[in-house]
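**Q** Positions in the sequence shown are counted from 1; adding 1411 to them yields my numbering. Before I ask anything, let me first share the structure, which is written out below as structure tokens.
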Amino acid sequence: MSLGIIRLLPDHIANQIAAGEVVQRPASVVKELLENSVDAQADHISLLIEDAGKSLIKVIDNGCGISDTDLRLAFERHATSKILNAEDLFRIQTMGFRGEALASIAAVSHVECISKTADDAIGSKIVLEGGKVRSQTPEACTTGTIISVKNLFFNIPARRSFLKSDTVELRHIYEEFLRIALAHPSRRLRLLNNGHEIYNLLPGNLKQRILSIFGNKVGENLLPIQEHTSIIRINGYLTRPEISKKIKGDQYFFINKRFIKNRYLQHGIMAAYEGLLPTDSFPAFFINLEIDPSEIDVNIHPTKTEVKFKDDRAIYQLLKSAARKTLGINAVAQPIDFEQENSFQLPSDFNGTPKIPTIEVDPEYNPFKSQSEQSRKNTTVHVPAFNIPKNWEELYQIAALTHPKNHQHVETPSIPDLQVESSSLADTVEIFQLFRKFILYKKENQVFIIHQQYAHERVLYENMLKSIRNKTILSQQMLIPLKLEFTAHEAEFLQNCRSLLSEFGFDYEWIGKKVIAVYGVPIYSDASNAEEIFRKLCEEQSDLTGPEEIIQDNLCRKIAISSSYKVGQSLTQEIMAKLVSELFKLENPAAGIRKRKTFVQIQSSDIDHWFN
Ligand code: ADP
Ligand code: MG
């Protein structure tokens, strides 16, 4: 082994390595800078972003400022005004305390910082490049700090090229901004993206802040949660189960006004909602926990979003019971039978007197016959579905049968109807629904057990993809436009991709800064689910970037998943027959679009075997 090889790394390299921990992407810079402004007691903070933070991230605050001697020090590693000894680590209340954020950021960008304290008559400006100080000069300015971070990762090209698309990076930035905004509703916070004002959040209480970010629907459905004990104070809001969404998302925990991720605590809240939510849907919540800092260790993670509690089981229990109480007091805790719920959707023209629906049933239906055979013979018969119902239960059944899916505001244009095929008279229709989940279909000496949701997803996906590729996609128009409210940055996203979405049949216009009126959705989508589709698009904006084929595939997949018949939904014979027929026309009917099979097949001889 040769001697004299070990060397201390030069400072700027050590800083670059440390930077990797703190600065992963533009949003990490945003987080650190906003936290510093909050720590500096600023009550007015503006964030300016250019090119998704890749060319500029600028934060302007009216906080306490930094003196000229401290300004140079602030960019040294382990420079912090917030900690003097190791014990302070356990007492710390402020956002940052590692004293490495500014040094790390400066190591991988061009930084310019202008700052002035209230005691100084004139401020100071420092310019750094890749961590090296280029100049420091006096500068006339008001009390507070303006810090600009330019050309992030200019000296680490590999890092820069690993950044995601602007849409993705921006989404992370907005998320960091919202976390700070929700934790500090009493401060005014603005966000400008490429010169456009996206948020201008005025000081207020938490409820007002939630409302100004998430809109009226969330704002009007907040339920306060509060529990004060000797170890912890819980304050905040849960949302009513009715407005839960199909996407995880707006779930916020703050500890001492710092955003944290904690799956265990999140589970505690979700457990309190048990029985109140439809499957796969998520409530929003905004919960601040105040706890003695010595009861937690926030320093386990470089970006400080994960927190360890001394007694996390006690906190879990407290949180769960507080949430249970909130949901109980607000009389939402009567478990809803979601199995039942689908069948309670009465037809839109229901006026108290049930109409006797007719169902077109082809008694000789067989989806496996070829097109030519299909056109040869069409023996559709119209049969009254039911007699006039004698009781409510029956009425509901009729409602479910006549209106399994369609929204009352929607006029569905006719999709080229698949004529139900027929074979020999002897092969009567043998198609049943099982557990509101499977379609049991017998064909000759085989039985197919078809998963209604996966099968329908596949059919919708293929149909949509085909029409998109043939440029024949149509929009189904809403009779009454659907009004939807979004957060400011979601609205910006929808504005930007409007022409792209219109090619898919989405037709919407702005009727307010953050409110759109939806006039039409793609023909294969379920219009009653238009809201969910829009929210999903906003949730995964990255799906709409990249090569055309990928965007098409992503969109079709998304629409198919949110528009398909769901488990728990009653399907009429007619609908089942049509679905089976369409499914088996596909090239590969067995594969679901979510890596699950769409059906299993049993031979009658297999069944014989069971009894041998
Ligand atoms: P930390 O926040 O962990 O102390 P940073 O590197 O983020 O470390 O900041 C270093 C120091 O610079 C802070 O301790 C604080 O004294 C000062 N500072 C940074 N940003 C601001 C600001 N916006 N206003 C006032 N002081 C600031
Ligand atoms: Mg800091």
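The C-beta atom is built at its ideal place from N, Cα and C for all residues, glycine as well.
#1: Could you give the first and the last residue of the continuous beta strand (DSSP E) run that contains tyrosine 1865?
#2: Contact defined as beta carbons within less than 8 Å: I believe valine 1433 pairs with glutamate 1540. What is the distance between those atoms, to the nearest angstrom?
#3: Which residues bound the beta strand (DSSP E) around proline 1933?
#4: Short of 6 Å in beta carbon distance, which residues of its chain neighbour histidine 1820, apart from the five on each side in sequence? Order them along the chain.
#5: Which of the three DSSP states, helix, strand or coil, is assigned to proline 1437?
#6: So which of Arg1880, Gln1906, Val1932 has the shortest CA-CA distance to glutamate 1960?
#7: Hey, is asparagine 1632's beta-carbon within less than 8 Å of any beta-carbon in chain D?
#8: Is it the case that the segment 1639-1647 contacts the segment 1571-1580, given that we only count it when at least three CB pairs across the two stretches are under 8 Å?
#9: May I ask whether a heavy atom of ligand 2 can be found less than 7 Å away from the beta carbon of alanine 1512?
#10: Closest by CA to threonine 1553, which one among Gly2003, Ala1514, Asn1562, Ser1478?
#11: Can you tell me which of the three DSSP states arginine 1968 falls into?
#12: Quick test of your reading: serine 1886 and proline 1933, contact by CB under 8 Å. State the CB separation rounded to the nearest angstrom.
#13: Just to confirm before moving on: does the CB-CB distance between alanine 1971 and tyrosine 1872 stay below 8 Å?
#14: Measuring only from the beta carbon, is glutamate 1550 closer than 7 Å to any heavy atom that is part of ligand 1?
#15: Starting from tyrosine 1852, trace the beta strand (DSSP E) in both directions and tell me its first and last residue.
#16: Taking all protein chains shown into account, decide if glutamate 1587 is buried (16 or more other Cβ within 10 angstroms of its Cβ) or exposed.
#17: Roughly how many whole angstroms lie between the Cα atoms of threonine 1883 and serine 1936?
#18: Over what stretch of residues does the alpha helix (DSSP H) that includes glutamate 1901 continue unbroken?
#19: Between which two residues does the alpha helix (DSSP H) containing threonine 1548 stretch?
#20: What number of angstroms, rounded off, separates the C-alpha of leucine 1688 from the C-alpha of phenylalanine 1564?
#21: Any idea what DSSP makes of glutamate 1998, helix, strand or coil?
#22: Mind checking isoleucine 1922: buried by the 16 CB within 10 Å criterion, or exposed?
#23: Rounded to whole angstroms, what is the Cα-Cα separation between proline 1635 and lysine 1996?
#24: Which value, in whole angstroms, describes the spacing of the CA atoms of lysine 1618 and phenylalanine 1670?
#25: What's the call for glutamine 1863, buried or exposed, on a 16-neighbour Cβ count within 10 Å?
#26: What span of residues does the beta strand (DSSP E) with glutamine 1637 cover, start to end?
#27: In three-state terms, what does DSSP make of glycine 1630?
#28: With a threshold of 7 Å on Cβ separation, who are the neighbours of lysine 1656 within its own chain once the five nearest residues in sequence on each side are excluded?
#29: Can you determine whether any heavy atom of ligand 2 sits closer than 7 Å to the C-beta of serine 1446, and answer yes or no?
#30: Going by Cα to Cα distance, which pick from Pro1549, Tyr1648, Ser1597 is closest to lysine 1736?
#31: Between lysine 1668 and the rest of its own chain, which residues show a CB-CB distance below 6 Å, the 5 nearest in sequence each way excluded?
#32: Would DSSP call arginine 1598 helix, strand or coil?
#33: Going by C-alpha distance, which of Phe1849, Ala1725, Ile1654 is nearest leucine 1676?
#34: Please work out which residues of its chain come closer than 8 Å, Cβ to Cβ, to glutamate 1943, disregarding the five sequence neighbours upstream and downstream, and give them in chain order.
#35: Indicate, with yes or no, if ligand 1 has a heavy atom lying under 7 Å from the CB of glycine 1686.
#36: Measuring from the CB of threonine 1480, is there a heavy atom of ligand 1 at a distance below 7 Å?
**A** In terms of the structure at hand:
#1: Tyrosine 1865 -> not in any beta strand (DSSP E); alpha helix (DSSP H) instead, spanning 1863-1880.
#2: Actually they are not in contact, since the Cβ atoms of valine 1433 and glutamate 1540 sit about 18 Å apart, beyond 8 Å.
#3: Counted as a single uninterrupted DSSP element, the beta strand (DSSP E) harbouring proline 1933 occupies residues 1926-1933.
#4: Legend: pLDDT at histidine 1820 = 35, less than 50; position of this residue unreliable, value from coordinates given subsequently. Around histidine 1820: Met1889, Leu1890, Ile1891.
#5: Residue state, collapsed to three classes: helix.
#6: Closest option to glutamate 1960, Cα to Cα, is Arg1880.
#7: The structure shown contains no chain D; it is built from a single protein chain.
#8: Counting Cβ pairs under 8 Å, fewer than three are found: no touch.
#9: Placement of the Cβ of alanine 1512 at a distance of less than 7 Å from at least one heavy atom of ligand 2 is found.
#10: Closest by alpha carbon: Ser1478.
#11: Three-state DSSP puts arginine 1968 in a helix.
#12: The beta carbons of serine 1886 and proline 1933 sit about 7 Å from each other, so the pair counts as a contact at 8 Å.
#13: Note that the C-beta distance between alanine 1971 and tyrosine 1872 is below 8 Å.
#14: It does not: the Cβ of glutamate 1550 is nowhere closer than 7 Å to a heavy atom of ligand 1.
#15: For tyrosine 1852, the enclosing beta strand (DSSP E) covers residues 1849-1854.
#16: When all chains shown are included, glutamate 1587 counts as buried.
#17: When the Cα atoms are used, threonine 1883 and serine 1936 turn out to be separated by approximately 15 Å.
#18: Where glutamate 1901 is concerned, the enclosing alpha helix (DSSP H) starts and stops at 1899-1907.
#19: Per DSSP, threonine 1548 is not a residue of any alpha helix (DSSP H); the beta strand (DSSP E) it occupies stretches across 1543-1550.
#20: When rounded, the distance between both Cα atoms is 44 Å.
#21: Three-state DSSP puts glutamate 1998 in coil, outside helix and strand.
#22: Looking at its Cβ environment, which holds fewer than 16 other Cβ atoms inside 10 Å, isoleucine 1922 is exposed.
#23: Roughly 52 Å between the two C-alpha positions.
#24: When rounded, the distance between both Cα atoms is 17 Å.
#25: Buried: at least 16 other Cβ atoms inside 10 Å.
#26: Glutamine 1637: member of the beta strand (DSSP E) spanning 1633-1639, first to last residue.
#27: If DSSP states are grouped into helix, strand and coil, glycine 1630 belongs with the helices.
#28: Once the five neighbours on either side are set aside, the close Cβ partners of lysine 1656 are Ser1692, Phe1693, Arg1946.
#29: It is worth fixing the name first, because residue 1446 is glutamate in this sequence and not serine. Here the distance from the Cβ of glutamate 1446 to the nearest heavy atom of ligand 2 is below 7 Å.
#30: Answer by Cα proximity: Tyr1648.
#31: Listed in chain order, the non-local C-beta contacts of lysine 1668 below 6 Å within the same chain comprise Ala1594, local neighbours out to five positions each way being set aside.
#32: The answer is coil: DSSP assigns arginine 1598 none of H, G, I, E or B.
#33: Taking each of Phe1849, Ala1725, Ile1654 in turn and checking the Cα distance to leucine 1676, the smallest one comes out for Ala1725.
#34: Excluding residues within five positions, the ones whose Cβ falls inside 8 Å are Lys1656, Lys1657, Ser1973.
#35: No, the Cβ of glycine 1686 stays beyond 7 Å of every heavy atom of ligand 1.
#36: Remark: the C-beta of threonine 1480 is outside contact range of ligand 1, defined as less than 7 Å to any heavy atom.
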